[in-house]
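Read the structure below first, then the notes.
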Amino acid sequence: MREAEPLNLLNNMKLRDKMLAIYFLCVFIPILLINVIFYNIIATNVKEQRIKDISRAVEQIGNDFRIWVDDAVGISTFFYADFRTNEILEQEYVHPEDYVEAYDNYLRRSMNAYNPGSVSFQNIVIYADNQSLLHSGSISYLSDEIRAKPWYRVTAEQMRSRPLFIRTEEKDGAEPVFSLLLRLDYFPDRMNKEKLLKIDFRNNDLDEMLGNLNVPGNVYLIDPEGNIQYAISREPDWDNRQVIAFDSIPDSRLIQFKSEFSDINYLRGWRIVGTVDKDEIASQVWKSRDFIVWSACLMLTVPTLIILLMSRSINKRIVRILKHMKKVKSQSFEIIQDSDSRDEIGQLTLEFNRMTLQIKSLIQDVYLADIQTKSLELERRQAQLNALQSQVNPHFLFNALETIRMRSLLKQEEETAHIIHSMAKIFRSSLTWSKDRITVNEELVFIRCFLDIQKYRFEDKLDFTINVSPEAQRCLLPKMIFLPFVENACIHGIEPMKQGGRIDISIEEAHGKLVFEIMDNGIGMADEKVAELRHYLISDEIMGERIGIQNVVYRSKLMYGEGFTFDIQSSPGQGTFVRLSIPYESETYN
């Protein structure tokens, strides 16, 4: 039994809904999920590969930088351990010719071997505390002015001699210069003059190294204190003459790539850091996203068009069969045209046409029984009318109202007694259904009694007028045919309004018709409710226990047929207008 419940649920679904369910569950959602998963995988791979490429580029910059500095370290090591060079710089020369001879015989050859024009060095200078030397571009005197420079003080503070890579600035405001410094004190027992080697690097070579095209961001050279000593920046206002802390750069949207030199003494603490904006990484992902989106649209569009064409072919023909079946229900035996398709729906259409023709033939064969059917229908309608007339029969309520009215009179509550008396009139009339048709004047008694009761409820919130033409006063009509419209105007139109409202009632004779019109300025009705009330006029629905507007329309149709007309006009906030007309029948013809 439980296994049949899902099947019953599917059987209750419309065919169009089933087609949509098949499309979304078997086509749209799977394709969408596959593309989402595929996009996530591709995006992750592209992002990881891009990060690896940038990381390798930064590592390559670090390797190039290390080789760049190592070249200078190799030169410094030669001069540091070369006894002949240190001896020439240590010796006191009485005659300049002696120094020139020693320089030409050895130092010139040594210096030329490391000509700055052949390698990435701007300058190589040895400073010596020996005033007997002739000072040239490669040999200089270690004067007090040199000792006062910051870069000299850094070397002087070292406990032991080792290569030192630092930023040196000769002039204020000039481009920074990076140098390798080394004290030449390899022979302390045999030589006592202070000597210092200074190798200056070319900034153009540093720009070329840091400006790697595979790093789509900024590249910084950072010293052991965390300050940016040099940078290739995409920011237009960046100035390498300034020194700022690297931590002061906002990094909320930056990805950092580092190359450190912790295993090298003379570069310990220095590092190269590349920063790339996250959007730059994401741009590679977006290129893949566009391809996946277009491919997904193509994969969705083609199946969608095919499914729409096939489902339309099925649904349209089934709906057509259902439409003709409803016509058969209302005794309109029309066959379905263009039923030459050969699939199951086409066969169903052919069988329906055959069945429709057989039913039409059978109805014509039993036409003689129609007289008996009409007789039974008249008896059924009379029984329904009698049932409607006997729906309201509250005898006990009338007796209770009379008792309450008498008690109110004894207590001199005349207004309450008047309202109870009006209510009693209405109920007394509802108890006497032997007289089904009354005059307009008698109907007005019920209407005024009801309005008095509502006036008592609403006080100043309700105002009404009743205009009745003289020739309409003695016209006969079904009992309480107008009262439900007055009740609806009060209860549903005026009562919800805080400021109250007005009801205008008009009854007159026109062109052989008794015309009843009622208008209120209440809250009005929605279009759906108006359409529902108008539907009562054409509906053949059998009345149950309801005694409102539907009751009035149904009774009037039974009694007057096409001689009865009913119209209603209303919209939210604009009030309601009702017009009811029945054939005019004077009391003299009763």
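Residue numbers for the sequence shown follow my numbering, beginning at 57 and rising by one. Backbone N, C-alpha and C define an ideal beta-carbon position, used for all residues, glycine too.
Answer yes or no: do residue i and residue j have a C-beta to C-beta separation smaller than 8 Å?
i      : j      : result
Asp516 : Gly556 : yes
Ile348 : Tyr95  : yes
Leu262 : Phe234 : yes
Ile561 : Thr521 : yes
Ile363 : Arg376 : no
Met575 : Phe538 : no
Phe506 : Val542 : yes
Ile320 : Arg112 : no
Pro628 : Ile579 : yes
Arg530 : Ser637 : no
Val114 : Gly330 : yes
Met355 : Ile87  : yes
Glu296 : Glu231 : Looking at the sequence shown, residue 296 is not Glu but Asn. Yes, the pair counts as a contact, with Cβ atoms nearer than the cut-off.
Phe135 : Leu253 : yes
Arg611 : Val571 : no
Val271 : Val332 : yes
Leu198 : Ala212 : no
Phe177 : Asp256 : yes
Leu658 : Gln510 : No statement about residue 658 is possible, as the shown extent of the chain runs from 57 to 646 and does not include it.
Arg493 : Leu532 : yes
State the DSSP-derived secondary structure class of residue i, mapped to helix, strand or coil.
i      : result
Lys372 : helix
Pro450 : Because the pLDDT at Pro450 is just 49, under 50, the model does not fix this residue reliably, and the point stays unresolved.
Asp261 : helix
Gly557 : strand
Ser351 : helix
Leu269 : coil
Met599 : The predicted position of Met599 is uncertain, since its pLDDT is 49 and thus under 50; no value can be drawn from it.
Gly173 : Any reading at Gly173 must be qualified, since the residue scores a pLDDT of 45, below 50, and its modelled position is unreliable; no value is offered.
Leu237 : strand
Leu424 : Caution is warranted here: a pLDDT of 47 is assigned to Leu424, below 50, making its placement in the model unreliable, and the coordinate value is therefore given only provisionally. In the structure shown, Leu424 sits in a helix (DSSP, three-state: H, G or I).
Arg218 : coil
Asn179 : strand
Asp256 : strand
Pro306 : coil
Asn283 : strand
Asn119 : helix
Ile320 : coil
Val150 : coil
Lys249 : coil
Arg398 : coil
Leu190 : coil
Arg165 : helix
Asp185 : coil
Ile110 : helix
Asn67  : helix
Asp335 : helix
Locate the alpha helix (DSSP H) running through residue i, then write down its first and last residues.
i      : result
Lys74  : Leu71 to Tyr79
Glu146 : Phe139 to Glu146
Val542 : Leu539 to Asn544
Ser612 : Ile605 to Tyr616
Val586 : Asp583 to His591
Trp207 : Pro206 to Ala212
Arg290 : Looking at the DSSP string, Arg290 is not in any alpha helix (DSSP H), and its letter there is neither H nor E.
Asp200 : Asp200 to Arg203
Which residues share a DSSP beta bridge with residue i?
i      : result
Asp315 : Note that residue 315 is Ser in the sequence shown, not Asp. Paired residue(s): Ile328.
Asp576 : Ile559 and Thr632
Ala566 : Lys569
Ala301 : Asn283
Ile638 : Leu570
Arg223 : Phe234
Is residue i close to chain B, meaning its C-beta is less than 8 Å from at least one C-beta of that chain?
i     : result
Phe94 : Any reference to chain B falls outside this structure, which holds one protein chain only.
So does residue i have its beta carbon nearer than 7 Å to some heavy atom of the ligand GTP?
i      : result
Asn497 : With respect to small molecules bound, the structure shown includes none, and the ligand GTP cannot be examined in it.
Looking at the unbroken beta strand (DSSP E) that takes in residue i, where does it start and where does it end?
i      : result
Met533 : Reading off the sequence shown, one finds Leu at residue 533, where the question assumed Met. Element bounds for Leu533: Leu532 to Pro534.
Arg493 : Arg493 to Thr495
Tyr197 : Ile195 to Tyr197
Tyr276 : Asn274 to Ile278
Leu518 : Leu518 to Val524
Asp623 : Thr621 to Ser626
- contact_flag[the stretch 128–148, the stretch 183–198] where n(CB pairs < 8 Å) is 3 or more: They touch, by the three-pair rule.
- Message: Check whether the stretch 367–384 and the stretch 400–420 are in contact - that is, three or more C-beta pairs closer than 8 Å.
- Response: yes
- Query: Between the stretch 150–164 and the stretch 257–277, do at least 3 Cβ pairs fall closer than 8 Å?
  - Reply: Contact fails between the stretch 150–164 and the stretch 257–277, because fewer than three Cβ pairs, one in each stretch, are under 8 Å apart.
- Counting Cβ pairs, one atom from each stretch, are 3 or more of them under 8 Å apart for the stretch 68–78 and the stretch 303–311? no
- Query: Between the stretch 75–83 and the stretch 357–374, do at least 3 Cβ pairs fall closer than 8 Å?
  - Reply: Segments in contact, yes.
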